[in-house]
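In order, the protein sequences belong to chains A, B and C.
1 is the number of the first residue of the first sequence in the working numbering; add one for each residue after it.
1001 is the number of the first residue of the second sequence in the working numbering; add one for each residue after it.
2001 is the number of the first residue of the third sequence in the working numbering; add one for each residue after it.
Quick reminder that beta carbons are idealized off the backbone N, C-alpha and C, glycines included.
These numbers were taken from a predicted model, which means no experiment stands behind them.
These notes concern the structure reproduced below.
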Amino acid sequence: MNRHPDGGGPRRGPLLALFCAALVLFNFPMLTVFDRDATVFGLPLLGVALFAIWAGLIGLLAWISERRPERRSGRRHRKDLS
Amino acid sequence: MVAAPVVLAISLGYLLLLFAVAAHGDRRGAQGRSVIGNPWVYALSWAVYSSAWTYFGSVGRAAAGGIWFLPVYLGPMLAMLLAWIVLRKMVRIAQTYRITSIADFIASRYGKSPLLAAAVTLITVVGILPYIALQVKAVSAGYDLLVHGADQPAPPRATWWQNGTLAVTLALAAFTIVFGTRHLDSAERHEGMVAAIAFESLVKLGAFLAVGVFVTWGMFDGPADIWARAQAFPELQSLLRLGGGEGAGAFGHTQWFAMTILSMFSVLLLPRQFQMMVVECVDERHIRRAAWVFSAYLLLINIFVLPLAIGGLVHFGPGGGMDPETFVLSLPMAEGATALALVAYIGGMSAATGMLIVETVAVSTMVCNDLVMPTLLRLPGFGARAGGDVTRLLLNIRRAAIVAVLLLGYAYYRIAGDAYALVSIGLISFAAVTQFAPALLGGIYWRGGTAAGALAGLLGGFAVWAYTLMLPSMAKSGWLPAGFLDGPFPLLAPEALLGMTGLDNLTHSLFWSLLVNVGLYVGLSLSRAPSAREATQALLFVDVFERGGGAAEPAPIFWRGRARLEDLVGLATRLLGPLRAQQLFQEHAAETGAASVEAITADARLVDRVERQLAGAVGSASARVLVASVVQEEPLGIADVIEILDEASQLRVYARALEEKSLSLEAATAELRAANEALKSLDHMKDDFMSSVTHELRTPLTSIRALTELMLDTPDMEEAQREEFLRIVVGESERLSRLVNQVLDMAKMESGHAEWRIADVDMRALVSDAVRLTAGMFDERGAQVLMDLPATVPVIRADPDRLTQVLLNLLTNAAKFVPQEGGRAEVVLRAGTGDLAVMVRDNGPGIPPDQRAAVFERFRQVGDAATRPPGTGLGLPISRRIVEHFGGEMWVETAPGGGACFAFRLPLDPEEGAGGGGKRWASRC
Amino acid sequence: MGIKVLIADDEPNIVVSLEFMLKREGYEVIVARDGNEALEAIRRERPNLVLLDGMMPGLSGFGVCEAVRADLSLGGTRILMLTAKGREADVARGVGAGADAYVIKPFSTRDLMQQVRDMLA
């Protein structure tokens, strides 16, 4: 098992930043930005916005989680081995 | 409408399918080809979060409040963003120390406190029962709707034995017993159950999406069409605005925020979530992918909530008598799509059963380990030294607990089932488990938390929760007198404590309960230092990534005492069963290199290992009691803990030594090079010094030799001339001897061989004496000396002769530099807060700022050689050295009027050292 | 017109002894207290011989020596370096700078006088 605190996974910084961003995006007063009678493709803006933000966050989380961990020293080795 | 036997048959058929999936999972697990060992299944098992509450309740909530169904899913999204950080730590801790429930987790963190474990268990049971009832109700309501039709009110309730709900409940109990307590596993893992739950997650998602697609594109022409048609109803137009729907008026953003935070914690702290995420985790690396997959799952299962809610309202008409919570079933039924309605029913049932199974497994583990076991251990004849295999007993306790919890839930539903809407029950439970957050999260990030703080926080928070949320909801259902809501007096009104208004009851309760909880937790924790056991557990939890043990570095073991192998073997056999116990000791023998099980030394490592295994079976608090009862322990103090930690870190030191060796070699080389440079430069300085000394010695010698030779060779020299020459010779001889003395002085001081006679020094007297000694010099030059001395100054410890030397030097300098006429010098003594300062000012030419540093250099005489008075160039450097020897400092600046002001300060306490922040007197020059 | 000798030294007592010694021999004596003053006096007074102290504030004796040798119009000036620094390196430096002779302090007045006489002969 990987003993490194990061466990070879995503780094803490981007995750914490994303968390803070989500906290702001999902709450008052940010929500009032989308609170209007407009529609997108015939759908009410507020609902679409919330789901879009949500999907965006999932996308970012997936991207942060799934990209290869950057290892400054390890990258070349891996290439050599493959 | 569907015939009751058909619905029952399909329900039981579905349960049988679950049995098959679970059995398959268990079998594969036993063969070592686990089906759950990947992040996808792991993520699906987390989706047990979506219970019947999501399945039916979200649509109801959306129909009434628009986007208000969302915070319960946005909170988990927030939690998932931090899952890799927080959840992974929880998983690592739980797996390292074999923790099998949230009660065990908290109790273990705070010194394996049985009291804390019991408290968490009780809070869980009380808080979760309504939630279980809610699931039973959902299954039952779905059944009623299918059997009795959508447009007719449900008939009066049939007697309980005729009710299909009870049958389903009992079937569930059977399932849970089979797959939740098949064997006693020290890791408390249930492969089959996880596989079944993941399967259920797929079923409910599929069913919900199927209904969503059917309604959106079958009954309507896409989501835009639903919304367009909703515009015909004025009450629906503002549904998707912040202030719309139920909460028309101002948007309750505090409640929105509260619900987001509440569900953020709940997704980690609900017993079933803890079970699935932490206890059933196969590999912590799976969290990386599961976090976003689970988030995506939640998004998918919610995507049709709004179309279904609005579609249902449009179809049946707002206020059309149809309960929006049943739209998932009633919409297909209304269109005559009976098969789809059955699929939807199965989906709802899978949502409910999944939650029920995992929740009861988790709760039964807690009840068994943290309520029943500690009680049993107190019974005479059951203590740790009693014989007999108790594994079967443990399993039976859990089975009984499962049946009891499910039946209690069923009973709760029968009694209170119609009292609340689904959503409010769920939120009440969420608020209850949120009380675990301070103790749990504080426990894994803060070492200072203590058992007393955690217990008081939990109980206090729970009491406030009960008083402000649980009991008022009962009062509103008519079970308590309505007067309860007014409180014993107005300031204690349950929903407006201390007269607090402007918050909805959920936010109000959350605010007060968490305030009390955190306040007590932090306050009590800070008020008393943690005990040794609390401190060690805190260390093991908070630093789990550093100290958790592993191949690289063994974890510190905080145990000292004596144990006998037979006792430990006996204890393990009794609680783990002979097979597992034997396996345990064989593994230990192999790892420690013992020839056989009998040859194992019963050391701290073995005791720790046995205790961890027992903790997996009966919880860490009970395991602690059991182990303590068969071994002779030495109580550990904080000092012992530190010692053990030192031993552990010793190993770390050895491990790093190798890595550091090359670094230190490099450093040593650099150091040597630097030392060499320093030596070279010192050598160079010495040469310079020698060269300066010879130069300074040769100069007076030259005069003396030349003049004496001339006198010798010129017998007829005029008397006046001869006299002048002799005077010069005498003066140069004096200069020569002074120089020799000072060079010796300097050399002694630099080599550290100078003698210092330390005595109490009264600087007032010293300054007066020095002025008196130099009075003659000033008189000769027609200059006057003033003294400005305070009435008293503190006595300092120093060498009075040396200080006199300093003062004489400064005064002589001043006397040399004062102008021929109107010469004036002033000596000032001042006492600061921690030091004494002496300033000697003159009204001579002063020293230009760029030469101030140079005056303290050896043989540096500043000014024009022709006009400057004679000197050796060593007086000031020596003076400065003396002052620095006593921890003081010496400097020069411009006196008011342009003369020089030489000043030095001496600390009263030499230990304080130079520049110790004492008051700078320089500004007074 | 007598023979002019310039004494350039910053130590007043040494100047006193040199001045007495040279005057006793009947030379005309000029005194300079530092390097710049010495160079100025050389250009103005054109002394036949300069007794030059190596270590002086401002322009050092070596500097004066180099400046005199660089100035072709001062080609006839003889230079005798006096210095308290007796190390080989200083002698070499003095000779390198173009001094005609080199005497180490403290000096014997008789030897120095002989040297002066030889140089002015």
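Taking only the alpha-carbon atoms, compute the straight-line gap between Asp1583 (chain B) and Leu1575 (chain B) and give it to the nearest angstrom.
Residue 1583 (chain B) is actually Gln in this sequence, not Asp. Answer to the nearest angstrom: the Cα atoms are 13 Å apart.
So, helix, strand or coil for Glu1826 (chain B), using DSSP?
Here Glu1826 (chain B) sits in strand by DSSP.
State buried or exposed for Asn1369 (chain B), treating a residue as buried only when at least 16 other CB atoms are found within 10 Å of its CB.
Buried: at least 16 other Cβ atoms inside 10 Å.
Are the segment 1325-1341 of chain B and the segment 1091-1102 of chain B touching, with three or more C-beta to C-beta distances below 8 Å?
The segment 1325-1341 of chain B, when compared against the segment 1091-1102 of chain B, does not touch it at the 8 Å Cβ threshold.
Integer Cβ distance of Leu1503 (chain B) from Phe1511 (chain B), believed to fall under 8 Å
Phe1511 (chain B) and Leu1503 (chain B) do touch by the CB rule: their CB atoms are close to 7 Å apart, below 8 Å.
Can you tell me the Cα-Cα spacing of Glu2037 (chain C) and Asp2071 (chain C), whole angstroms?
About 16 Å.
Note down the Cα distance separating Arg1289 (chain B) from Trp1040 (chain B), rounded to an integer number of angstroms.
Rounded to the nearest angstrom, the two C-alpha atoms are 8 Å apart.
Quick check: the segment 12-22 of chain A against the segment 1080-1088 of chain B, are there 3 or more CB pairs under 8 Å?
Touching, yes.
Report the neighbours of Asn2036 (chain C) on chain E: residues whose CB is nearer than 9 Å to its CB, in chain order.
Any reference to chain E falls outside this structure, whose protein chains are A, B and C.
Beta-carbon proximity of Leu1571 (chain B) to Val1630 (chain B), cut-off 7 Å:
Using a Cβ distance threshold of 7 Å, Leu1571 (chain B) and Val1630 (chain B) count as a contacting pair.
Consider the Cβ of Ser1662 (chain B): report whether some Cβ of chain C lies at a distance smaller than 7 Å.
Closer than 7 Å: no.
Skipping 5 residues on each side, what residues in its chain have a beta carbon closer than 8 Å to that of Asp1801 (chain B)?
Sequence-distant partners of Asp1801 (chain B) (beyond 5 residues in either direction) whose C-beta falls short of 8 Å from its own C-beta, in its chain, are Arg1757.
Might you give, ordered along the chain, the residues of its own chain that have their beta carbon closer than 6 Å to the beta carbon of Phe1274 (chain B), omitting 5 neighbours on each side?
Excluding five sequence positions before and after Phe1274 (chain B), the CB atoms of its chain that fall closer than 6 Å to its own CB belong to Ile1102, given in chain order.
Alpha helix (DSSP H) runs wholly inside the segment 1398-1451 of chain B, at least 4 long, in chain order
Counting only runs of 4 or more, we get 1422-1434, 1436-1445.
Are Leu1663 (chain B) and Ala1602 (chain B) closer than 7 Å when you measure CB to CB?
Result no, Cβ atoms of Leu1663 (chain B) and Ala1602 (chain B) do not sit closer than 7 Å.
Is there a Cβ of chain A sitting closer than 7 Å to that of Trp1040 (chain B), yes or no?
Not flagged as an interface residue toward chain A: Trp1040 (chain B), since no C-beta distance is shorter than 7 Å.
For Ile1704 (chain B), count the other beta carbons within 10 Å of its own beta carbon; 16 or more makes it buried, fewer makes it exposed. Which is it?
Classification for Ile1704 (chain B): buried.
Let me know if Asp1835 (chain B) comes out buried or exposed under the rule of 16 or more other beta-carbons within 10 Å of its beta-carbon.
It counts as buried.
Taking CB distances under 7 Å as the criterion, tell me whether Glu2011 (chain C) reaches chain B.
So, interface residue.
Cut-off 8 Å between Cβ atoms - residues of its own chain near Pro1153 (chain B), not counting five sequence neighbours on either side:
A caution first: Pro1153 (chain B) carries a pLDDT of 48, below 50, which makes its placement in the model too unreliable to give a value.
What in chain B is Cβ-close to Gly13 (chain A), meaning under 7 Å?
Simply none; closest approach about 10 Å.
When you compare the CB positions of Gly2035 (chain C) and Gly2002 (chain C), do they come within less than 7 Å of one another, or not?
No, they are not a contact pair.
Please list the partners that Phe1257 (chain B) has in chain A, where partner means a Cβ-to-Cβ separation under 8 Å.
Neighbours of Phe1257 (chain B) on chain A, chain order: Asn27, Phe28.
Per DSSP, which residues does Met1839 (chain B) bridge with? Please list them.
Residue pairing by DSSP places Met1839 (chain B) opposite B:Val1828, B:Ala1903 in a beta bridge.
Nearest to Ala1138 (chain B) by CA position, among B:Asp1221, B:Gly1111, B:Val1126, B:Leu1166, is which residue?
Check the Cα spacing between Ala1138 (chain B) and each of B:Asp1221, B:Gly1111, B:Val1126, B:Leu1166: the tightest is with B:Leu1166.
Report back the beta-carbon spacing between Val1215 (chain B) and Leu1308 (chain B) to the nearest angstrom; my notes put them in contact at under 8 Å.
Between Val1215 (chain B) and Leu1308 (chain B), the beta carbon gap of about 6 Å places them in contact (Cβ cut-off 8 Å).
Express the C-alpha separation of Val1625 (chain B) and Leu1376 (chain B) in angstroms, rounding to a whole number.
If you take the alpha carbons of Leu1376 (chain B) and Val1625 (chain B), they lie about 12 Å apart.
Member of A:Leu61, A:Leu45, A:Ser65, A:Ala22 whose CA lies at the smallest distance from the CA of Arg1241 (chain B)
If we check each option's Cα against that of Arg1241 (chain B), A:Leu45 comes out closest.
Exposed or buried, what is Thr1669 (chain B) when buried is set at 16 or more other beta-carbons lying within 10 Å of its beta-carbon?
If you draw a 10 Å sphere on the C-beta of Thr1669 (chain B), you find fewer than 16 other C-beta atoms in it, and that means exposed.
DSSP state of Lys1680 (chain B) mapped onto helix, strand, coil:
Shown here, Lys1680 (chain B) sits in a helix according to DSSP, grouped into three states.
DSSP puts Thr1894 (chain B) in a beta bridge; with which residues?
According to DSSP, Thr1894 (chain B) bridges with B:Ala1900.
Where does Val1390 (chain B) fall in DSSP's three states?
In this structure, Val1390 (chain B) counts as coil in the three-state DSSP scheme.
Whole angstroms is fine: what's the gap from Gly1029 (chain B)'s alpha carbon to Ser1622 (chain B)'s?
Roughly 29 Å separates the two Cα atoms.
List the DSSP bridge partners of Val2103 (chain C).
In the DSSP output, where bridge partners are listed per residue, Val2103 (chain C) has C:Leu2082.
Measure from the alpha carbon of Arg1609 (chain B) to the alpha carbon of each residue in B:Ala1599, B:Glu1591, B:Asp1769, then state which is nearest.
Closest option to Arg1609 (chain B), judged by alpha-carbon separation, among B:Ala1599, B:Glu1591, B:Asp1769: B:Glu1591.
Between Ile2014 (chain C) and chain B, is any beta-carbon pair separated by less than 7 Å?
Yes, Ile2014 (chain C) counts as interfacial toward chain B.
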